[in-house]
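So the sequences go chain by chain: A and B. Numbered per numbering that gives the first Met the number 0, the first sequence finishes at 253, counting up by one with no gaps. Numbered per numbering that gives the first Met the number 0, the second sequence finishes at 112, counting up by one with no gaps.
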Amino acid sequence: MSELRRVLVVVPAWNEEGSIGSVLYEISRSLPTADVLVVDDFSSDHTAAIARAAGVDVISNVFNLGVGGAMRVGFRYAADRGYDALVQIDADGQHDPAYAPALLEALDSAPGPALVIAARFDSSEDFPVPRARRWAMRLLATYLSRLIGCRLTDATSGYRAYNRDAVVLFARTYPADYLSDTVESLIIASDAGARISQLSTVMRERTAGMPSQSRARSLLYLSRVALMLFLQVIRPRSALRPTAPDQPNVEEKP
Amino acid sequence: MSGVHLTVLLSTGAAVAAVVELLRRRHIREKYAVVWLAVCLPMIVFAIDPNLFNRLAHAIGVINPPDLLTVLACLFLLVVCVYMSWELGRLDDRTRRLAEEVALLRRDVGTGH
Chain A
0 MSELRRVLVV VPAWNEEGSI GSVLYEISRS LPTADVLVVD DFSSDHTAAI
50 ARAAGVDVIS NVFNLGVGGA MRVGFRYAAD RGYDALVQID ADGQHDPAYA
100 PALLEALDSA PGPALVIAAR FDSSEDFPVP RARRWAMRLL ATYLSRLIGC
150 RLTDATSGYR AYNRDAVVLF ARTYPADYLS DTVESLIIAS DAGARISQLS
200 TVMRERTAGM PSQSRARSLL YLSRVALMLF LQVIRPRSAL RPTAPDQPNV
250 EEKP
Chain B
0 MSGVHLTVLL STGAAVAAVV ELLRRRHIRE KYAVVWLAVC LPMIVFAIDP
50 NLFNRLAHAI GVINPPDLLT VLACLFLLVV CVYMSWELGR LDDRTRRLAE
100 EVALLRRDVG TGH
């Protein structure tokens, strides 16, 4: 079933020359039939050159757009070329591409947007996260789970699979703001009536590069998320609904 | 509550409502809205309890409290102006880079005459 789908793997990368090579190698082993697109977000190192040498398609941004901006490029590319599914995998090596086939298997290809999130930690919680941040993430996940109607343990994971309609939706609406693209995209998807599910996976340590979460950034991140949740309450839902009137999966969520 | 304070309260309330409505319609970016809302919040507090502002002014050593308000307003607007100049320069730089990129692409595609 999943072999018949045309799958694009999008790898947003910013200065990840230390890990991009092995990530691309693992993707080619896990999903040998999928096309791979690296969106090089204005790296100053050899990220793009290494990706090109690996034989995958590379788009280089003219200036740094952030992860959200890089993903918008990936979604538009996939929407324009008619891919049936998109898998988003970070270039830093945290996301094990071995889970990608399972993500695609869990992805609903029926009409209407759907996405599957690879959750950062399962019940065993073997991935080391600072206590305060884990606490905030859990609170956030609980609230979002209620909003979305599916139990989520990690809303901030950037390891996801999207079906065709979700790709088309996000080509138009994926949030490009600094930080928070992962959570805001879930709110957008939920408002558009998307079917959201999660798959528990074990995340790895970053193989190279700098971790992108310091304490100040965590705080900024959480306050932005709080603002977004407030906006989700006051904003009209209809703005993000699919324009086609014959979409069956857009009923109101309580 | 005197007429002046009621006027300040009502106009600040109107400003908050306007910013929230712009946010709701996605006509203003969150980061700018947060700045304006952050200014409105103390204004509302001081309009409700003007003595709080007077005490703040005296604590800092300002004899005439309205002077402090004027200085703070000027400082805030100055910071906003400098930030906007910086942002304008950054946008200008990015637009130029995009124009260069398009010009080079037009040559490659064969439409740049």
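Glycine residues also receive a C-beta, built at the ideal position from the N, C-alpha and C atoms.
Relative to the Cα of A/M202, the nearest Cα in the group A/A101, A/V35, A/H94 belongs to A/H94. Taking each of A/S144, A/A170, A/G54, A/L103 in turn and checking the Cα distance to A/M70, the smallest one comes out for A/A170.
Contact annotation: in the region 57-72 of chain A, residues whose CB is within less than 8 Å of a CB in chain B are V61, F62.
For B/I59, the enclosing alpha helix (DSSP H) covers residues 49-59.
With a threshold of 16 other beta carbon atoms within 10 Å, A/E16 meets it and is buried.
Taking a beta-carbon distance threshold of 7 Å, B/R96 counts as an interface residue toward chain A. Scanning the region 10-57 of chain A for uninterrupted beta strand (DSSP E) segments of 3 residues or longer gives 34-39, listed from N- to C-terminal end. Rounded to the nearest angstrom, the Cβ distance from A/V9 to A/V55 is 11 Å, too far for a contact under 8 Å. Cα atoms of B/R25 and A/L138: separation of roughly 27 Å, rounded to the nearest angstrom. The Cβ atoms of A/L168 and A/A154 lie no closer than 7 Å to each other.
DSSP links A/N162 through a beta bridge to A/A84. Note that the C-beta distance between A/S29 and A/A97 is below 7 Å. At a beta-carbon threshold of 7 Å, the residues of chain A lying near B/L22 are L230, ordered along the chain. In the structure shown, B/I27 falls within a coil segment according to DSSP collapsed to helix, strand and coil.
Cα atoms of A/F229 and A/E183: separation of roughly 12 Å, rounded to the nearest angstrom. Under the three-pair Cβ rule at 8 Å, the region 0-15 of chain B does not count as touching the region 214-223 of chain A. Per DSSP, reduced to three states, the secondary structure at A/A117 is strand. The secondary-structure analysis by DSSP pairs A/I187 with nothing; it has no beta-bridge partner. Between B/T69 and B/M42, the CB-CB gap reaches or exceeds 7 Å.
Neighbourhood of A/L146 in chain B, by CB distance below 8 Å: empty, with the nearest CB roughly 18 Å away.
Counting of Cβ neighbours within 10 angstroms places B/N63 among the exposed residues, the total staying below 16.
Closer than 7 Å to the CB of A/I233 there is at least one CB belonging to chain B. Within chain B, the residues E29, V33 have their CB atoms less than 8 Å from the CB of A/L226, given in chain order.
Membership of A/Q197 in any alpha helix (DSSP H) is not indicated; the residue belongs instead to the beta strand (DSSP E) covering 194-199. Inclusion of A/V61 and B/E100 in the CB contact set at 7 Å is warranted, their separation being smaller than that value.
Your pair A/D79 and A/R194 does not check out as a contact, with CB atoms roughly 24 Å apart and the cut at 8 Å. Identification of chain A residues near B/E86 by a Cβ-Cβ cut-off of 7 Å yields none; the smallest Cβ-Cβ distance measures about 13 Å. With at least 16 other beta carbons inside 10 angstroms of its own, A/S18 counts as buried.
Around the beta carbon of B/N50, fewer than 16 other beta carbons lie within 10 angstroms, which makes this residue exposed. Relative to A/T141, the option among A/Y76, A/A50, A/T152 whose CA is nearest is A/T152. Interface residue (Cβ-Cβ distance to chain A less than 7 Å): B/R93 is classified as such. Counting along the chain, A/S217 sits inside the alpha helix (DSSP H) bounded by residues 214-233. Rounded to the nearest angstrom, the gap between the Cα atoms of A/A53 and A/L23 is 7 Å. In this structure, A/S189 sits away from A/L221, with a CB-CB distance that is not shorter than 7 Å.
Between the C-alpha atoms of A/I26 and A/R150 there is a straight-line separation of about 28 Å.
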